[in-house]
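Per the numbering used here, the very first residue in the sequence shown carries number 340; after that it's consecutive.
Glycine residues also receive a C-beta, built at the ideal position from the N, C-alpha and C atoms.
The model shown is predicted, which means the values in this text are computed figures rather than measured ones.
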Amino acid sequence: MSLTKLFDKSVQVSCTPPGSVNVRIGNAIEGPGGRWIPCASEVGDGAFVSCVYEVGPGRNQVCAANSPTYCPDKALARAIELAATAAA
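Laid out in structure tokens, this is it:
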């Protein structure tokens, strides 16, 4: 099942923006849906987005681009929620 099908339609999941940098990385969350790593990525101008990536070959990092924040801890907290949903 794809990650985009797991999330509510209000959460737009996309590739990470070019030049983004992971600044906070959470602990892996594992479940029937796989093993996911939550992180907060800085995308420029002090903005951060919530990202997750699935552990395994050929997997990519994706982010919730529709809700940037100026707090990396908030972005990480949201990423942890997204990772838990994806792993469930």
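DSSP, read as helix, strand or coil, puts residue 424 in helix. The residues 426, 427, in chain order, have a CB closer than 7 Å to that of residue 370 in the same chain once the five nearest residues on each side in sequence are set aside.
Of the candidates 392, 386, 382, 356, the residue whose Cα lies closest to the Cα of residue 422 is 392. The DSSP-derived three-state label of residue 371 is coil.
In the assembly as shown, residue 402 is a buried residue. Its beta-carbon has 16 or more other beta-carbons within 10 Å.
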